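Residue numbers (the working numbering), protein chains in the order written: chain A, 2 to 115; chain B, 60 to 171.
Down below is the structure, laid out as structure tokens.
Below, the structure is given as structure tokens:
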């Protein structure tokens with residue numbers, strides 16, 4: 002069964018460092034998303050991406066964050082200068098169509114900022 | 060403010076019991092999702108609903124658009140159903156429908 006894969010599964014970094022989280026969505030999917038879940042809190046939407054551009058973003062997704070799909074398969078989330086409060090589980094998801102269809106989530110990347 | 064409320068927050072059941080988890084939301088939506096989060100953290104989509112009822116195996120999801128309420132039912136519950144069940148909604152604002160508002164989740168524990 003096709004799946005969304007995320008790497009790394011866990012990353013520990015120092016405050017102020019740049020982090021790149023990688024996702025490989027399902028191959029025929031066109032819509033891509035990042036979500037985050039701070040430990041003990043609810044999942045929050047970060048950004049959606051379609052046709053090589055951001056289609057929606059939340060207030061959380063400030064200038065420290067960026068996304069790109071550099072090679073047609075990987076979908077990356079970059080945090081330029083990590084803060085302690087960026088520590089969270091980050092989930093990538095994808096779907097075939099925007100208006101309907103099931104969301105497929107990756108297993109998540111746990112980011113710990115020290 | 061757009062809110063998604065789930066009840067109960069925690070639920071403990073005996074194997075075989077019928078389980079209901081409720082979700083209420085405060086604004087018009089285009090779709091409602093039920094998700095399952097495993098103890099390891101991974102998320103699986105169970106249902107996406109915009110009206111009526113859907114069934115998959117022992118899971119049933121219903122939605123009442125007028126009352127802004129959805130329920131997830133698990134029949135003949137089993138210890139492997141133990142997980143956090145999350146309700147999430149996408150609003151009527153168009154876009155790709157991935158801008159979801161999530162509930163806090165219901166932690167289900169099914170005892171053998």
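The beta-carbon is built from N, C-alpha and C at its ideal position, and this holds for glycine as well.
Computed from a predicted structure; not experimentally measured.
Can you name, in chain order, every residue of its own chain whose Cβ lies under 7 Å from the Cβ of residue 74 of chain B, other than the five neighbours on each side? Position 15 of the second chain, counting from 1, holds the residue named residue 74 of chain B. Same-chain partners within the cutoff: 136, 137, 138, 169, 170, 171.
On the criterion of 16 or more Cβ atoms from any shown chain inside 10 Å, does residue 37 of chain A qualify as buried, or is it exposed? By one-based count along the first chain, residue 37 of chain A stands at place 36. Buried is the call here.
Residues within the region 43-65 of chain A neighbouring chain B, beta-carbon criterion of under 8 Å: 43, 44, 45, 46, 49, 51, 56, 57, 59
List the residues of chain B whose Cβ lies closer than 9 Å to the Cβ of residue 89 of chain A, in chain order. Residue mapping note: residue 89 of chain A aligns to position 88 of the first chain, counting from 1. By Cβ distance, chain B contributes nothing, its closest Cβ being about 11 Å from residue 89 of chain A, past 9 Å.
Taking the beta strand (DSSP E) that residue 108 of chain B falls in, what are its first and last residues? Within the second chain, residue 108 of chain B is the residue found at index 49, counting from 1. Counting along the chain, the beta strand (DSSP E) containing residue 108 of chain B begins and ends at 102-108.
Whole-angstrom distance between residue 62 of chain A and residue 114 of chain A, CA atom to CA atom: Residue 114 of chain A sits at position 113 when you count from the first residue of the first chain. Residue 62 of chain A sits at position 61 when you count from the first residue of the first chain. Straight-line Cα distance between these residues: approximately 17 Å.
Whole-Å CB distance - residue 76 of chain A paired with residue 105 of chain A, under 8 Å assumed: The residue given as residue 76 of chain A occupies position 75 in the first chain. The residue given as residue 105 of chain A occupies position 104 in the first chain. That belief does not hold up - the Cβ atoms of residue 76 of chain A and residue 105 of chain A are roughly 12 Å apart, past 8 Å.
Look at the Cβ atom of residue 149 of chain B, then the Cβ atom of residue 72 of chain B, and state whether they are nearer than 8 Å. Taking the first residue of the second chain as position 1, residue 149 of chain B is located at position 90. Taking the first residue of the second chain as position 1, residue 72 of chain B is located at position 13. Result no, Cβ atoms of residue 149 of chain B and residue 72 of chain B do not sit closer than 8 Å.
Is it buried or exposed for residue 15 of chain A, if we count other Cβ within 10 angstroms and need 16 for buried? Here residue 15 of chain A refers to the residue found at position 14 when the first chain is read from its first residue. It is exposed - the Cβ of residue 15 of chain A has fewer than 16 other Cβ atoms within 10 Å.
Please state whether DSSP places residue 139 of chain B in a helix, a strand or coil. Taking the first residue of the second chain as 1, we reach residue 139 of chain B at position 80. Reduced to three states, the DSSP call for residue 139 of chain B is helix.
Can you name, in chain order, every residue of its own chain whose Cβ lies under 7 Å from the Cβ of residue 85 of chain A, other than the five neighbours on each side? Against the first chain, residue 85 of chain A aligns to sequence position 84. For residue 85 of chain A, where only same-chain residues beyond five positions count, the Cβ hits under 7 Å are 16, 114.
Could you give the DSSP three-state label for residue 40 of chain A: helix, strand or coil? Taking the first residue of the first chain as 1, we reach residue 40 of chain A at position 39. In this structure, residue 40 of chain A counts as coil in the three-state DSSP scheme.
Helix, strand or coil for residue 86 of chain A? Go by DSSP, reduced to three states. The residue given as residue 86 of chain A occupies position 85 in the first chain. In this structure, residue 86 of chain A counts as helix in the three-state DSSP scheme.
Is the beta carbon of residue 83 of chain B closer than 8 Å to that of residue 113 of chain B? Within the second chain, residue 113 of chain B is the residue found at index 54, counting from 1. Within the second chain, residue 83 of chain B is the residue found at index 24, counting from 1. Contact flag unset, no.
Per DSSP, residue 150 of chain B is paired with what? Taking the second chain and counting its residues from 1, the one referred to as residue 150 of chain B is at position 91. According to DSSP, residue 150 of chain B bridges with B:88.
Does any residue of chain B bring its CB to less than 8 Å from the CB of residue 103 of chain A? On the first chain, position 102 is the one that residue 103 of chain A refers to. So yes, residue 103 of chain A belongs to the interface.
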